[in-house]
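*Asks:* So the sequences go chain by chain: A and B.
Taking our numbering, the leading residue of the first sequence gets 1, the next gets one more, and so forth.
Taking our numbering, the leading residue of the second sequence gets 1001, the next gets one more, and so forth.
Every residue gets a Cβ at the ideal spot worked out from N, C-alpha and C, and that includes glycine.
All values reported here derive from a predicted model rather than from experimental measurement.
Have a look at this one before I ask anything.
Number of protein chains: 2
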Amino acid sequence: MSAIDQYLDSHATRFEEELCEFLRIPSVSADANHRPDMHRAADWVVDQFRRMGFATDVIATAGHPMVYAESPKVPGAPTALVYGHYDVQPVEPLDKWISPPFEPTRRDGNLYARGATDDKGQLFTHMKGVEAWVTVEGRLPVNLKFLIEGEEEVGSQALEKYLEEHADRLACDCVVISDGGQFAPGMPAINYGLRGISYFELRVTGPDRDLHSGSFGGSVTNPANALCKILTGLMDSQGRVTIPGFYDDVVPLTDRERSEYAALPFDEKEYFEQIGLKQGTGEVGYTALERRWARPTFDINGLWSGYQGDGAKTVLPATAGAKFSFRLVPDQDPAKIYEGLKQKIAELSPPGITTELLEFQGAPGVLVSLDSPYIEAAAKGIQHAFGRRPVFTREGGSIPIVTKFHQCLGAVVLLIGWGQDDDNTHSPNEKFALVDFHRGIKASAKLWEELAKC
Amino acid sequence: MSAIDQYLDSHATRFEEELCEFLRIPSVSADANHRPDMHRAADWVVDQFRRMGFATDVIATAGHPMVYAESPKVPGAPTALVYGHYDVQPVEPLDKWISPPFEPTRRDGNLYARGATDDKGQLFTHMKGVEAWVTVEGRLPVNLKFLIEGEEEVGSQALEKYLEEHADRLACDCVVISDGGQFAPGMPAINYGLRGISYFELRVTGPDRDLHSGSFGGSVTNPANALCKILTGLMDSQGRVTIPGFYDDVVPLTDRERSEYAALPFDEKEYFEQIGLKQGTGEVGYTALERRWARPTFDINGLWSGYQGDGAKTVLPATAGAKFSFRLVPDQDPAKIYEGLKQKIAELSPPGITTELLEFQGAPGVLVSLDSPYIEAAAKGIQHAFGRRPVFTREGGSIPIVTKFHQCLGAVVLLIGWGQDDDNTHSPNEKFALVDFHRGIKASAKLWEELAKC
Chain A
1 MSAIDQYLDS HATRFEEELC EFLRIPSVSA DANHRPDMHR AADWVVDQFR
51 RMGFATDVIA TAGHPMVYAE SPKVPGAPTA LVYGHYDVQP VEPLDKWISP
101 PFEPTRRDGN LYARGATDDK GQLFTHMKGV EAWVTVEGRL PVNLKFLIEG
151 EEEVGSQALE KYLEEHADRL ACDCVVISDG GQFAPGMPAI NYGLRGISYF
201 ELRVTGPDRD LHSGSFGGSV TNPANALCKI LTGLMDSQGR VTIPGFYDDV
251 VPLTDRERSE YAALPFDEKE YFEQIGLKQG TGEVGYTALE RRWARPTFDI
301 NGLWSGYQGD GAKTVLPATA GAKFSFRLVP DQDPAKIYEG LKQKIAELSP
351 PGITTELLEF QGAPGVLVSL DSPYIEAAAK GIQHAFGRRP VFTREGGSIP
401 IVTKFHQCLG AVVLLIGWGQ DDDNTHSPNE KFALVDFHRG IKASAKLWEE
451 LAKC
Chain B
1001 MSAIDQYLDS HATRFEEELC EFLRIPSVSA DANHRPDMHR AADWVVDQFR
1051 RMGFATDVIA TAGHPMVYAE SPKVPGAPTA LVYGHYDVQP VEPLDKWISP
1101 PFEPTRRDGN LYARGATDDK GQLFTHMKGV EAWVTVEGRL PVNLKFLIEG
1151 EEEVGSQALE KYLEEHADRL ACDCVVISDG GQFAPGMPAI NYGLRGISYF
1201 ELRVTGPDRD LHSGSFGGSV TNPANALCKI LTGLMDSQGR VTIPGFYDDV
1251 VPLTDRERSE YAALPFDEKE YFEQIGLKQG TGEVGYTALE RRWARPTFDI
1301 NGLWSGYQGD GAKTVLPATA GAKFSFRLVP DQDPAKIYEG LKQKIAELSP
1351 PGITTELLEF QGAPGVLVSL DSPYIEAAAK GIQHAFGRRP VFTREGGSIP
1401 IVTKFHQCLG AVVLLIGWGQ DDDNTHSPNE KFALVDFHRG IKASAKLWEE
1451 LAKC
């Protein structure tokens, strides 16, 4: 057993006590009454880093302060940036908590408190991984930067701006984020991909007023019929989007990825049952997991036209509209999708209507190659602590801040979470399994060692 | 010149005075304050018929009374039923009237008053046509029945029930209705067809709650996508409805009808411009008039799903819905359409959703053959009075009470109106051109003669 691991084991109880101290600070970012607590929490974090010899900086923002901390330079070694947040969700409804949210309580091997897993507990694992190195070895094997914000639960506005303006200061080889979960209890995961998104609104206009569907019907292009036709025309019978060039830049699933997914304990039947369904549909030739994680989509998010009330109204509506979005996968480019979509809508539009297309959001997907040495370093750190290799997963949604890190810093993002699905993040009785807390610290300490070899 | 026409000419002024008397009764059916006026108007009509030797009956209803009048029996002659209504629309906004609505006023060859054309003035033309025969010849050449209601402007509920329950009493060869207009001033029309309707609501249900379109999108059938696909699948690229058997019972346009329509002063460009359009679309192979009058349609009347507010919401909606209708033409049967639609929706539905179809209204279309002797009788009556043959038109909408007459009595319905498009029915300054009033009387008197030959 290494000296680092021995240190971690012998100080485990103190680590828990320190985390409890951190959790007692009610740093609810959404509530203006907690503004002083936000500063206390930031100061508490700064104090931890100072004691470990980091250079620290409290960055004032229009909202709550960010903490920046940088380890002493290790020449020739890679640089990792750890991102986390010290703010927490509101605690309401308070009467649903078994123990008070800001009085951390141990029950059944878990530590209950608001922020236990999201994200104070997980962030703290990386701070303790640093402490072990600094105390035992006198120095870290890699260069580390920590960027810890206080506004994750309210939109990360200051952080996004800071990333755009201070890419030089934050320059790194990889970004480490532990703000999520394992695939299943004791089955840690590395999330190596996120989907992006292109979101639109389409407005279709026909006659200059609502018409009587008897007097005019049959001769006038119905904007609602036209809208349905256009939207339907965006996907073919194989569940593939018909926009020209849509799949040109899609990074195909590798054989390794497909077998990694197939080996996961994921039961399609159970998945559908949990949302009240017997079955799904999707792009032909892919499993449900592949469709969710690694293939682009077309989903209508909203539809409206004409009469939506009770009974019947014989109206030929003047307008119709829809909101719809494409989940994108690497390397699809939202700007190219937009251009192709405009062209396709023009092709699909019948005479007698005009269309207006509004673009709401565009964000590309994120994908780290499974062959990346940083991925392997993280896998080794996790294997060391959890006693098994992590599984490799992706996420179907986008995490805007992850995309932002990826875009601004051009670095590999390692999403390695220690949480579990039943941790009650954002709900009453949030918890963090103590075994995961300690495994997380051990994985983190090992990660610094492995990253040094990259 | 016939004795009948001479009589009509020499009593023209008195006819106008009598009509003014009728118009002075403010028989607004919608306003409970006018209940005594409704009875006065009914009594006034009854008195007219009594003086012409008709058997009369004031039929009490839950609302306003109906008047029934029947001529002395003419053995061996056909029977016509004249339908009209003595009630009028409310007059608001009163300050927009140039002369008070219940003080009939002559201006520029028109008679201004509420009810002048809708329907007291037009109904009265048929009463005066009778008077000429009774006075000049001592008897009518045909059997006539008049059914005059006081609730046309508020839904005709009592009339519908009466038609269902007293088909024997009302038995006739044709129904004459003058409650509409000419095609253009001085260009009288016989409307010989109405479209019917089948109206539905389709509800599509997918997962048991709204889902995150990122986490689930691609694997779950989106109810809004499915709805658009189903609706779009109900019409092919030629503008034809795809429901099995949909066109089986459609009475095709005859060559005569197509040339009658083509000869009408109807400018497609102008038609579209009036509703803010440059062009329309519709079933391939038909003109705009043919599409509106004689071909069935599929129009979406309402659409809804997911998020309809500002901005973007990345939701995969749990449900989606639409209201839509088919305008039917003779001899399409709403019950068969409903069955075919259910089958087609089942075919078009992707896996992973359930559908619920609600049927709201079903009414068949009405069509009188242009070869009918009753049509020719009406055409001759009109030609005699207006100095030209009528044009033959249809109406794209349905007129429920006309369908009801057609269904309950199995008789040919003759829709022959003397009004003009600018008569301001239902608006301030309603009018009836005096020339049309007198031409209407003359056409009516001639109609009785022509009908006798059928």
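#1: Alpha carbon to alpha carbon, how far is residue 262 of chain A from residue 434 of chain A? Give it in angstroms, no decimals.
#2: In chain order, what residues of the stretch 303-322 of chain A put their CB closer than 9 Å to some CB of chain B?
#3: Mind listing which residues of the stretch 1359-1377 of chain B have their C-beta closer than 9 Å to chain A's C-betas, in chain order?
#4: Taking only runs of the beta strand (DSSP E) that begin and end inside the stretch 1035-1059 of chain B, which ones reach a length of at least 3 residues, in chain order?
#5: Using a beta-carbon distance below 8 Å, is residue 207 of chain A in contact with chain B?
#6: In chain B, what lies closer than 8 Å to residue 202 of chain A by C-beta?
#7: Please determine, among B/1332, B/1319, B/1234, B/1196, the residue with the shortest C-alpha to C-alpha distance to residue 1363 of chain B.
#8: From residue 1068 of chain B to residue 1087 of chain B, what does the alpha carbon distance come to, in whole angstroms?
#9: Kindly indicate the opening and closing residues of the beta strand (DSSP E) around residue 361 of chain A.
#10: Only counting the same chain, and skipping five residues up and downstream in sequence, which positions put a Cβ closer than 6 Å to that of residue 282 of chain A?
#11: Please name the residue, chosen from B/1216, B/1033, B/1349, that lies closest to residue 232 of chain A on a Cα-to-Cα basis.
#12: Going by DSSP, name the residue or residues bridged to residue 1448 of chain B.
#13: Would you decide whether residue 284 of chain A is buried or exposed? Buried here means 16 or more other CB atoms lie within 10 Å of its CB.
#14: Is the Cβ-Cβ distance between residue 366 of chain A and residue 330 of chain A less than 8 Å?
#15: With a 10 Å radius around its C-beta and 16 neighbouring C-beta atoms as the bar for buried, classify residue 33 of chain A as buried or exposed.
#16: Under 8 Å, CB to CB, which of the residues in the stretch 330-363 of chain A have a partner in chain B?
#17: Kindly provide the ranges of any alpha helix (DSSP H) runs that are 4 or more residues long and lie completely inside the stretch 243-288 of chain A, ordered along the chain.
#18: 8 Å is my cut-off, CB to CB: does residue 1156 of chain B come that close to chain A?
#19: According to DSSP, what are the bridge partners of residue 1393 of chain B?
#20: By Cβ distance, which residues of its chain are closer than 6 Å to residue 204 of chain A, with the 5 residues on each side in sequence left out?
#21: How many angstroms separate the CA atom of residue 446 of chain A from the CA atom of residue 129 of chain A?
#22: Identify which residue in A/410, A/302, A/162 has its Cα closest to the Cα of residue 1307 of chain B.
#23: Would you mind listing the beta strand (DSSP E) stretches within the stretch 66-119 of chain A that are 3+ residues and don't spill past its ends, in chain order?
#24: Between residue 1229 of chain B and chain A, is there a C-beta pair that is closer than 8 Å?
#25: So which of B/1432, B/1339, B/1439, B/1001 has the shortest CA-CA distance to residue 1107 of chain B?
#26: When burial is assigned at 16 or more other CB atoms within 10 Å of the CB, is residue 278 of chain A buried or exposed?
#27: So, at 7 Å on beta carbons, what are the nonlocal neighbours of residue 1236 of chain B in its own chain, with the 5 sequence-adjacent residues on each side left out?
#28: Look at the alpha carbon of residue 1473 of chain B and the alpha carbon of residue 1415 of chain B, and state the distance between them as a whole number of angstroms.
#29: According to a CB-to-CB cut-off of less than 8 Å, which residues of the stretch 209-222 of chain A neighbour chain B?
#30: Should residue 1179 of chain B be flagged as near chain A, meaning a C-beta pair shorter than 8 Å?
#31: Please tell me whether residue 1220 of chain B and residue 280 of chain A are closer than 8 Å, where the distance is taken between their beta carbons.
#32: Looking at the strands, I want to know which residues DSSP matches up with residue 143 of chain A.
#33: What are the boundary residues of the alpha helix (DSSP H) that includes residue 415 of chain A?
#34: Determine the burial state of residue 9 of chain A: buried for a count of at least 16 other Cβ atoms within 10 Å of its Cβ, exposed for fewer.
#35: Chain B beta carbons: is any one of them nearer than 8 Å to that of residue 107 of chain A?
#36: Could you check where the beta strand (DSSP E) with residue 197 of chain A kicks off and where it finishes?
*Replies:* Reading it off the structure:
#1: Here residue 434 of chain A corresponds to residue number 434 of the first sequence, with the count starting at 1. Here residue 262 of chain A corresponds to residue number 262 of the first sequence, with the count starting at 1. Each residue's alpha carbon lies about 30 Å from the other.
#2: Going along the stretch 303-322 of chain A in chain order, one finds 303, 304, 305, 306, 307, 308, 309, 311, 312, 313, 314, 315, 316, 317, 318, 320, 321, 322 with a Cβ nearer than 9 Å to chain B.
#3: 1360, 1361
#4: 1055-1059, all fully within the stretch 1035-1059 of chain B.
#5: In the first sequence, residue 207 of chain A corresponds to position 207, counting from 1. Residue 207 of chain A counts as touching chain B.
#6: For the purposes of this step, residue 202 of chain A is taken as residue 202 along the first sequence, with counting starting at 1. Here the premise fails: no neighbours, minimum Cβ distance about 12 Å.
#7: Along the second sequence, one-based indexing puts residue 1363 of chain B at 363. Nearest to residue 1363 of chain B by alpha-carbon distance, out of B/1332, B/1319, B/1234, B/1196, is B/1196.
#8: Residue numbering aside, residue 1068 of chain B sits at position 68 when the second sequence is read from its first letter. Residue numbering aside, residue 1087 of chain B sits at position 87 when the second sequence is read from its first letter. Straight-line Cα distance between these residues: approximately 15 Å.
#9: Locating residue 361 of chain A in the first sequence gives position 361, where the first residue counts as 1. Note, residue 361 of chain A: beta strand (DSSP E), 354-363.
#10: If you number the first sequence from 1, residue 282 of chain A lands on position 282. Hits under 6 Å: 239, 291.
#11: The residue given as residue 232 of chain A occupies position 232 in the first sequence. Comparing Cα-Cα distances from residue 232 of chain A to each of B/1216, B/1033, B/1349, the minimum goes to B/1349.
#12: Within the second sequence, the letter at position 448 stands for residue 1448 of chain B. For residue 1448 of chain B, which the question treats as bridged, DSSP gives no partner whatsoever.
#13: Here residue 284 of chain A is taken as the residue at index 284 of the first sequence, counted from 1. Residue 284 of chain A comes out exposed.
#14: Within the first sequence, residue 366 of chain A is the residue found at index 366, counting from 1. Within the first sequence, residue 330 of chain A is the residue found at index 330, counting from 1. Yes, the pair counts as a contact, with Cβ atoms nearer than the cut-off.
#15: In the first sequence, the residue the question calls residue 33 of chain A occupies position 33. Looking at its Cβ environment, which holds fewer than 16 other Cβ atoms inside 10 Å, residue 33 of chain A is exposed.
#16: 350, 351, 352, 360, 361
#17: 255-262, 268-273
#18: By one-based count along the second sequence, residue 1156 of chain B stands at place 156. Answer no: the Cβ-Cβ gap between residue 1156 of chain B and chain A never drops below 8 Å.
#19: In the second sequence, counting from the first residue as 1, residue 1393 of chain B sits at position 393. Note: residue 1393 of chain B sits in a beta bridge opposite B/1191.
#20: As a position in the first sequence, residue 204 of chain A is number 204, starting the count at 1. Once the five neighbours on either side are set aside, the close Cβ partners of residue 204 of chain A are 223, 226, 227, 320, 353, 355.
#21: The residue labelled residue 446 of chain A in the question sits at position 446 within the first sequence. The residue labelled residue 129 of chain A in the question sits at position 129 within the first sequence. The C-alpha of residue 446 of chain A lies about 8 Å from the C-alpha of residue 129 of chain A.
#22: Translated into the one-based positions of the second sequence, residue 1307 of chain B becomes position 307. Checking every option, the nearest Cα to that of residue 1307 of chain B belongs to A/302.
#23: 66-70, 79-85, 105-107, 110-112
#24: One-based indexing of the second sequence puts residue 1229 of chain B at position 229. Output row for residue 1229 of chain B: interface = yes.
#25: Here the question's residue 1107 of chain B lines up with position 107 in the second sequence. With distances taken between Cα atoms, residue 1107 of chain B lies closest to B/1432.
#26: If you number the first sequence from 1, residue 278 of chain A lands on position 278. Residue 278 of chain A should be labelled exposed.
#27: Taking the second sequence and counting its residues from 1, one reaches residue 1236 of chain B at position 236. 1242.
#28: Residue numbering for chain B in the displayed model covers 1001 to 1454; residue 1473 of chain B lies beyond these limits and cannot be assessed.
#29: 209, 211, 212, 213, 214, 215, 216, 217, 218, 219, 220, 221, 222
#30: As a first step, residue 1179 of chain B is located in the second sequence; it is residue number 179 there, counting from the start. Not an interface residue.
#31: For the purposes of this step, residue 1220 of chain B is taken as residue 220 along the second sequence, with counting starting at 1. For the purposes of this step, residue 280 of chain A is taken as residue 280 along the first sequence, with counting starting at 1. Their beta carbons are under 8 Å apart, which means residue 1220 of chain B touches residue 280 of chain A by this criterion.
#32: Locating residue 143 of chain A in the first sequence gives position 143, where the first residue counts as 1. In DSSP, residue 143 of chain A forms a bridge with A/79.
#33: In the first sequence, counting from the first residue as 1, residue 415 of chain A sits at position 415. From DSSP, residue 415 of chain A is part of no alpha helix (DSSP H) but of the beta strand (DSSP E) over 412-417.
#34: By 1-based counting over the first sequence, the position of residue 9 of chain A is 9. Exposed: under 16 other Cβ atoms inside 10 Å.
#35: To locate residue 107 of chain A, count along the first sequence from 1; it is residue 107. Chain B contact via Cβ: absent.
#36: Within the first sequence, numbered from 1, the residue matching residue 197 of chain A stands at position 197. It spans 196-205 - the beta strand (DSSP E) in which residue 197 of chain A sits, taken as one unbroken run.
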